[in-house]
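Undergrad: Quick one: the structure is below, and I'll ask about it shortly.
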Amino acid sequence: PGTVTYDNVYVRNVAPYADNVLGEFALYLLFKARLPEEQSFEAARGWLGDRYLCYPGDAGGGGDHVIWRTLWQTEKDAAEFLKAAQTVWLHRYAIPWNARYELPDGGTLVSDPTRHLRLRLGPDKKSVVLVDSPDGGWADALEAGLIAK
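Here's what the structure looks like:
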């Protein structure tokens, strides 16, 4: 497996309360809860590595802040994961699909009063970053502050 590292895990002078790897099988199970079996299998296949960090949200403020970077064997694997993650995260927050959320590379950018979701392909097109936050400022800080190698 590949390893995801960050230069500094502190964001806004806050340390993550969770720093872990999901793994290929757990990824499959996560998707299987909301997607057909074959799509879940395809979305998890090709996994090379991942790492997520969770930061505490404000008390009563709509949840915590998460950044998750995944590594994939091929561009096709990354694209399949990206599409599945888009479906799962929009469904999780009951956000109906809107074409304005789609980025030119197939990623997703949702800026909603209650949720900020960002799914982006990395420059190599074999990695994907997910940012999930109830606060736009935190979402910006996660993207800017956590430079993955």
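Using this note's numbering, the letters of the sequence shown map in sequence onto residues 31 to 179.
The C-beta atom is built at its ideal place from N, Cα and C for all residues, glycine as well.
Bear in mind that the values here come from a model prediction, so they are computed numbers and not experimental data.
Where does Leu65 sit, in a helix, a strand or coil, going by DSSP?
TA: coil
Undergrad: Let me check understanding here. Comparing Cα to Cα, which of Gly32, Leu139 and Ala48 lies closest to Trp127?
TA: Comparing Cα positions, the closest option is Leu139.
Undergrad: Please report how far the alpha carbon of Leu120 lies from the alpha carbon of Arg130, in whole angstroms.
TA: 13 Å
Undergrad: What is the DSSP secondary structure of Ala169, reduced to helix, strand or coil?
TA: DSSP places Ala169 in the helix class (H, G or I) of the three-state scheme.
Undergrad: Buried or exposed for Gln116, going by 16 or more other Cβ atoms inside 10 Å?
TA: buried
Undergrad: Look up Ser163 in the DSSP assignment and give the residues it is bridged to.
TA: His146
Undergrad: So Ala108 is in the alpha helix (DSSP H); what residue range does that whole segment cover?
TA: Glu105 to Arg122
Undergrad: For Tyr58 and chain D, any beta-carbon pair shorter than 7 Å?
TA: The displayed structure is made up of one protein chain only, and chain D is not part of it.
Undergrad: Could you check how far apart the C-beta atoms of Gly136 and Trp102 are, in whole angstroms? I think they sit under 8 Å.
TA: Actually they do not touch by this definition, with Cβ atoms about 13 Å apart.
Undergrad: Measure from the alpha carbon of Ala171 to the alpha carbon of each residue in Pro31, Tyr40, Val34 and Glu68, then state which is nearest.
TA: Nearest in C-alpha terms to Ala171, of all of Pro31, Tyr40, Val34 and Glu68, is Tyr40.
Undergrad: If you count every other CB in all the chains shown that lies within 10 Å of the CB of Ala70, and 16 or more means buried, which is it?
TA: The amino acid at residue 70 is misidentified as Ala; the sequence shows Ser. A residue is called buried once 16 or more other Cβ atoms fall within 10 Å of its Cβ, and Ser70 is buried on that count.
Undergrad: Suppose contacts are defined by Cβ-Cβ distances below 7 Å. Is Ile112 in contact with Leu149 by that definition?
TA: For the record, residue 112 in the displayed sequence is Leu; it is not Ile. For Leu112 and Leu149, yes; Cβs fall inside 7 Å.
Undergrad: In this structure, how does DSSP classify Tyr131 when only helix, strand and coil are distinguished?
TA: helix
Undergrad: Would you identify the three-state DSSP class for Tyr85, choosing helix, strand or coil?
TA: strand
Undergrad: What residue range is occupied by the uninterrupted beta strand (DSSP E) comprising Asn50?
TA: Ala48 to Asn50
Undergrad: From Arg211 to His95, what does the alpha carbon distance come to, in whole angstroms?
TA: Because residue 211 is not part of the residues shown, which for the chain are 31 to 179, the question remains open.
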